[in-house]
Amino acid sequence: MDTVILLLIAAIALHLVRARYQRGRIILLGRHLSSFQLERHMETLTNGYTRAIGEQDSARQLQVLEMFSQTEHAVATQIQSLADLLQKEPAEQTRVGMLPICVPYAERFLPAMTRDFRQLLQIHAVGLRHVVDNPEQLDLKSRAYHLSAELYLFQHSCHWFCKSRTVADARLLARHKVTHQKVLESVSAQTRNAYLRWQQKPEQQ
Numbered sequence: 023m024d025t026v027i028l029l030l031i032a033a034i035a036l037h038l039v040r041a042r043y044q045r046g047r048i049i050l051l052g053r054h055l056s057s058f059q060l061e062r063h064m065e066t067l068t069n070g071y072t073r074a075i076g077e078q079d080s081a082r083q084l085q086v087l088e089m090f091s092q093t094e095h096a097v098a099t100q101i102q103s104l105a106d107l108l109q110k111e112p113a114e115q116t117r118v119g120m121l122p123i124c125v126p127y128a129e130r131f132l133p134a135m136t137r138d139f140r141q142l143l144q145i146h147a148v149g150l151r152h153v154v155d156n157p158e159q160l161d162l163k164s165r166a167y168h169l170s171a172e173l174y175l176f177q178h179s180c181h182w183f184c185k186s187r188t189v190a191d192a193r194l195l196a197r198h199k200v201t202h203q204k205v206l207e208s209v210s211a212q213t214r215n216a217y218l219r220w221q222q223k224p225e226q227q
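Going by this note's numbering, the first residue of the sequence shown is number 23, and it counts up by one from there.
This is the structure:
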């Protein structure tokens, strides 16, 4: 019985420590996000893309997609600004754990199992700007498809930083009915390759 009680106390203590740790990360990221309108813009784009794809008339579909140009550029600019702001935060506060679950303060005693979230935001900013600028001259429907994936992956990364990779995966599936693997396959090759390199190596690429 004593062992059970001790295990219960340890589980409660771990839960409290994890909750405090995650709350600090939510506050850190939220403080910077509050300067922008990213959530509103992302919702406008993802809902708009879904509506456009559902249009039966191709001309009408293209017309709807063309309406979002200004919002797309705003999102790209704001994510770059967010990435630049996070560069000013201390490195020890911007590490993200590579384990599926949240291990509080892993950056202190398991640094090799963490990566720099600031680098990841720069990957998202560069990748999203690349798709928005569209140097490959993708058609509007293909461009919207890749942009949706870029936005989903960015959102996943934010949830990963604040909670854990498992929670981020679950939220992505619940909100957008898509897996992390499918999203990674759907972003631009530039984003995907940089993202995979970031996962594999703990240091600056």
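Backbone N, C-alpha and C define an ideal beta-carbon position, used for all residues, glycine too.
Computed from a predicted model, the values in this text were never measured in an experiment.
- By the C-beta criterion, the region 167 to 175 is judged not to be in contact with the region 122 to 142, since fewer than 3 inter-stretch pairs fall below 8 Å.
- When Cβ pairs closer than 8 Å are counted between the two stretches, the region 201 to 215 is seen to touch the region 150 to 167, the count reaching three or more.
- Looking at the backbone, the Cα of LEU108 and that of LEU206 are separated by about 23 Å.
- For ASP161, no pairing in a beta bridge is given by DSSP.
- Membership of ASP138 in the beta strand (DSSP E) is indicated by the continuous run 136 to 138.
- Judged by DSSP secondary structure, GLY76 falls outside any alpha helix (DSSP H); it is assigned neither H nor E.
- Using a C-beta cut-off of 8 Å, the region 153 to 166 makes no contact with the region 115 to 129, since fewer than three inter-stretch Cβ pairs fall below that distance.
- When Cβ pairs closer than 8 Å are counted between the two stretches, the region 184 to 200 is seen not to touch the region 87 to 101, the count staying below three.
- DSSP places VAL125 outside any alpha helix (DSSP H), giving it a letter other than H or E.
- For VAL118, there is no enclosing alpha helix (DSSP H); the enclosing beta strand (DSSP E) has its first and last residue at 117 to 119.
- Of the residues assessed, VAL39 falls on the exposed side of the cut-off, its CB having fewer than 16 other CB atoms within 10 angstroms.
- Taking every protein chain shown into account, the CB of TYR127 has fewer than 16 other CB atoms within 10 angstroms, so this residue is exposed.
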